[in-house]
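Asker: The following block contains the structure, expressed as structure tokens.
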Amino acid sequence: MILFDVHTHHSNEFSFSESDCSFIEIVQDVNSVGIHPWALDDMNDKEVETVIHNLFAQLETDEYKQIKAVGECGIDKLCTTDLEKQKDVFTQHVLLSEQFSLPVIVHCVKGIDELLRIKKELSPKQPWIWHGFRGKPQQLVQLIQAGFYISFGLKYNKESLLACPINKMLLETDDESISIKNIYAQVSSDLCINQKELATNIAANCQLIFQHH
Numbered sequence: 006m007i008l009f010d011v012h013t014h015h016s017n018e019f020s021f022s023e024s025d026c027s028f029i030e031i032v033q034d035v036n037s038v039g040i041h042p043w044a045l046d047d048m049n050d051k052e053v054e055t056v057i058h059n060l061f062a063q064l065e066t067d068e069y070k071q072i073k074a075v076g077e078c079g080i081d082k083l084c085t086t087d088l089e090k091q092k093d094v095f096t097q098h099v100l101l102s103e104q105f106s107l108p109v110i111v112h113c114v115k116g117i118d119e120l121l122r123i124k125k126e127l128s129p130k131q132p133w134i135w136h137g138f139r140g141k142p143q144q145l146v147q148l149i150q151a152g153f154y155i156s157f158g159l160k161y162n163k164e165s166l167l168a169c170p171i172n173k174m175l176l177e178t179d180d181e182s183i184s185i186k187n188i189y190a191q192v193s194s195d196l197c198i199n200q201k202e203l204a205t206n207i208a209a210n211c212q213l214i215f216q217h218h
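Mapped onto my numbering, the consecutive letters of the sequence shown carry residue numbers 6 to 218.
Rendered as structure tokens:
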């Protein structure tokens with residue numbers, strides 16, 4: 006049984022090998038690269054341009070295909086960075102993801118309308134993963150209709166979990182000090198399915214998302 010952790014800030018720190026399962030993780034700043042909206046608070050336009058240029062160079066020369074995703078990146082209305090700047094930088098990430106055929110790991114706080122508008126305008130071919138989803142079922146339906154994959158972490162709205170199609174569901178630990186196995190146990194309990202069935206479905210989703218890499 007393979008347990009996928011599609012977004013974590015800890016590399017193998019809280020996972021352990023067992024005879025019945027193995028772990029595959031997308032580790033921030035190792036397997037996924039991007040500018041978090043909060044980081045923009047301390048960056049001027051020139052610095053952003055430099056980082057985007059460096060990301061391009063890194064993706065272009067990623068000889069061993071270590072990088073599996075672009076992000077986390079997105080829109081966060083709780084940070085002080087100008088909204089238009091956030092939208093512009095996120096759009097640049099999307100263009101990178103399209104050029105290098107990589108999925109986008111999306112961070113969003115109170116910016117769902119802006120993200121949906123950008124997605125509609127750009128019509129991206131690469132998958133978008135809404136990480137750490139805690140919203141209500143109504144928001145989840147909007148995202149599913151727009152083609153998002155939904156990643157649930159330690160804290161989530163149970164009604165939304167139950168409303169999420171399993172072929173659009175992913176799981177993650179984010180920055181929590183916990184093994185992904187605990188997340189699988191919690192989610193399988195809430196969904197009333199066994200962990201092996203859940204893991205099989207999540208693995209199938211991940212294979213589709215990361216198939217080029």
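Every residue gets a Cβ at the ideal spot worked out from N, C-alpha and C, and that includes glycine.
From a predicted model like this one, the values you see are computed outputs, not experimental measurements.
Going by the DSSP bridge assignment, what does Ile7 pair with across the sheet?
Answerer: Ser27, per the DSSP bridge assignment.
Asker: Determine the direct distance from the alpha carbon of Asp93 to that of Ile1, and round the result to whole angstroms.
Answerer: The structure shown does not extend to residue 1, since the chain is modelled only from 6 to 218, so the question has no answer here.
Asker: Tell me which same chain residues have a C-beta within less than 7 Å of the C-beta of Gln200, skipping the five on either side of it?
Answerer: Cβ neighbours of Gln200 beyond the five flanking positions: Tyr189, Ala190 and Ser193.
Asker: Closer than 8 Å by C-beta to Leu213: which residues in its own chain qualify, once you throw out the five before and the five after it? Chain order, please.
Answerer: Closer than 8 Å at Cβ, skipping near neighbours: Pro132.
Asker: Compare the C-alpha of Gly108 against each of Asp46, Leu60, Ala168 and Phe153 and name the closest.
Answerer: It is Pro, not Gly, that sits at residue 108 in the sequence shown. Of Asp46, Leu60, Ala168 and Phe153, the residue nearest in Cα terms is Phe153.
Asker: Kindly indicate the opening and closing residues of the beta strand (DSSP E) around Val94.
Answerer: No beta strand (DSSP E) contains Val94, which is instead part of the alpha helix (DSSP H) from Leu88 to Gln104.
Asker: Have a look at Glu177, Asn162, Leu88 and Phe61 and flag the residue whose alpha-carbon is nearest the alpha-carbon of Asp195.
Answerer: Looking at the Cα atoms, Asn162 is the closest of the given residues.
Asker: Figure out for me which residue from Leu145, Leu159 and Ile183 has the closest Cα to the Cα of Pro170.
Answerer: Nearest option by C-alpha distance: Leu145.
Asker: Let me know the alpha helix (DSSP H) ranges lying completely inside the stretch 168-196, each 4 residues or longer, listed in chain order.
Answerer: Listed in chain order, they are 185-196.
Asker: Three-state secondary structure (DSSP) at Ala74?
Answerer: Strand, per DSSP.
Asker: Anyone know if the C-beta pair for Glu119 and Ile80 falls short of 8 Å?
Answerer: Their beta carbons are under 8 Å apart, which means Glu119 touches Ile80 by this criterion.
Asker: What are the start and end residues of the beta strand (DSSP E) that includes Ile149?
Answerer: Looking at the DSSP string, Ile149 is not in any beta strand (DSSP E); the run it does join, the alpha helix (DSSP H), is Pro142 to Gln150.
Asker: Nearest by alpha-carbon distance to Met6: which of Gln216, Phe215 and Leu203 is it?
Answerer: Checked all of Gln216, Phe215 and Leu203; the closest Cα to Met6 is Leu203.
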